[in-house]
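Below: one structure, written as structure tokens.
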Amino acid sequence: MIQAPPSRSRSLGERMRGFFLDPSGAEIALEFSSVALLGARVELKRGTVALRAIASEALSEGTFSPTLEDPGFVAKEEMRDAVKRVLVKIGATSGTRAALVVPDVVARFRLFTPDEVKSDLRNRDAVIAFRMQKLLPFAPADTRVISAWPRSSTEPVLGIGFSAAVLGAYEQVGQAFGLDVGSVETSSMALLRGLAVDGDALLVRHDPAWLTVTLVRNGWPISIRTLDATVASKREEVRTELASTAVFWRDRLRGDRLAAAFVHASDLRFEALSADLASEFGCVAQRAQPPSRLMVPGLPTAMERSAAPALALLGAG
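Using the working numbering, the letters of the sequence shown correspond one by one to residues 1244 to 1560.
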């Protein structure tokens, strides 16, 4: 039996490290979003991780359109050129250890109750893989599943499923430029690594191509829902999804008060989402922030905000 967590609330990254996608040792992170490709490079010096370079390249509308079954590289030449320019700007060299941040929409998340996946320690990951394969439109040979088990027997077990071909396409992007791709993480999971909140908290990750709404309780996910562009692109649809999440949280998860609400989105979307969260949850939203130790004076605010997932992943190492 895994021991219960200590009373201090710990971030998802602390609780999942060692048996999830561990980015330890990564010197650079590349993040793929539908609006830009972003890269960051850190350096470990005297036991401290420090940000050394960061760069972003905007993508033309329609260049990148990811789905569960497609990596989304519509305009491949533009994507390749954007990756090349970013890597040159941050000073990445061949053989550099890299972590990739991919869109939430290329993964399927599922939280299982402990009773759904009872098994001994030796077989428990295989049980999750079997259950996830039933939820994915891929042959077993083309399915990659990650599972994360909580420390408490009362918390849900997290399963994340991908198409091996889709995930491999992202890995190949880095490998094509000589990078040593060591881990791949979804955007919301990267952001959750940096959150340490007692009680219930909400994370909203909005991109024009997807929307992910995640509820956590004492640092562990209790609800994750990802919607594609048909929802993410429409303000009313987003508002409806947030309202539905609030009802589910209160009625099914016995939620009473949010300790915090975090949003990672463009400036325009942040304002709209903040208003919706205040209306539905009675909570003032704040922007998801990179780890404080990776924030440097003079970094443009817009860059700092957009880099939150990539820096959270690098900071978790």
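Glycine included, C-beta positions come from ideal geometry on N, C-alpha and C. Since the structure is predicted, the reported quantities are computational estimates derived from the model, not experimental observations.
Asked	Found
If S1466 and L1311 are in contact, beta carbons under 8 angstroms, what's the gap, nearest whole angstrom?	Incorrect: roughly 19 angstroms between the Cβ atoms, too far for contact.
For T1243, report the span of its alpha helix (DSSP H) as first-last.	Because residue 1243 is not part of the residues shown, which for the chain are 1244 to 1560, the question remains open.
Which of helix, strand or coil does DSSP assign to A1502?	strand
So if DSSP puts T1429 in a beta bridge, which residue, or which two residues, is it bridged to?	V1345
Excluding sequence positions up to five away, which residues of its chain have a Cβ less than 7 angstroms from the Cβ of S1362?	V1370
Can at least three beta-carbon pairs, one atom from the segment 1393 to 1403 and one from the segment 1342 to 1357, be found at a separation below 8 angstroms?	yes
Hey, out of R1340, V1456, L1330, whose CA is closest to F1505's CA?	V1456
Which same chain residues end up closer than 6 angstroms to G1517 when comparing Cβ atoms and leaving out the 5 residues on each side of it in sequence?	What sits at residue 1517 in the sequence shown is Ser, not Gly. Correct list, in chain order: A1528.
In or out: M1546 buried (at least 16 other Cβ within 10 Å) or exposed?	exposed
Could you check where the beta strand (DSSP E) with W1463 kicks off and where it finishes?	1463 to 1471
What number of angstroms, rounded off, separates the C-alpha of L1496 from the C-alpha of S1522?	19 angstroms
Around the C-beta of S1277, are 16 or more other C-beta atoms found within 10 angstroms, so that it is buried, or is it exposed?	buried
Along the chain, which unbroken stretches of the beta strand (DSSP E) at least 3 residues long are found entirely within the segment 1354 to 1442?	1386 to 1391, 1400 to 1406, 1423 to 1429
Can you list, in chain order, the residues of its chain with a C-beta nearer than 6 angstroms to that of L1273? Leave out the 5 residues immediately preceding and following it.	G1282, L1343
What do you reckon, are the CB atoms on D1347 and W1453 nearer than 8 angstroms?	yes
Three or more C-beta pairs closer than 8 angstroms, one from the segment 1467 to 1485 and one from the segment 1404 to 1412: is that the case here?	no
Might you give, ordered along the chain, the residues of its own chain that have their beta carbon closer than 7 angstroms to the beta carbon of L1264, omitting 5 neighbours on each side?	With a pLDDT of 49 at L1264, under the threshold of 50, the modelled position of this residue cannot be trusted, and the question is left open.
What does the alpha-carbon distance come out to for the pair E1300 and S1430?	17 angstroms
Does T1291 come out as helix, strand or coil in the three-state DSSP assignment?	strand
Between the segment 1457 to 1464 and the segment 1433 to 1443, do at least 3 Cβ pairs fall closer than 8 angstroms?	yes
What are the partner residues of D1494, as DSSP defines its beta bridges?	Beta-bridge pairing links D1494 to no other residue.
Starting from L1273, trace the beta strand (DSSP E) both ways and give me its first and last residue.	1271 to 1275
State the Cα-Cα distance for the pair F1373 and P1543, rounded to the nearest angstrom.	45 angstroms
Touch check for the segment 1441 to 1450 and the segment 1507 to 1516: three-plus C-beta pairs under 8 angstroms?	yes
Write down every uninterrupted run of the beta strand (DSSP E) in the segment 1503 to 1553 whose length is 3 residues or greater and which is fully enclosed by it, in chain order.	1528 to 1530
Which stretch, first to last residue, makes up the alpha helix (DSSP H) that contains A1325?	1319 to 1333
Look at T1339 and D1423 and say whether their C-beta atoms are less than 8 angstroms apart.	yes
When the Cα of G1268 is compared with those of L1280, F1275, E1320, A1293, which residue comes out closest?	A1293
In this structure, how does DSSP classify V1481 when only helix, strand and coil are distinguished?	helix
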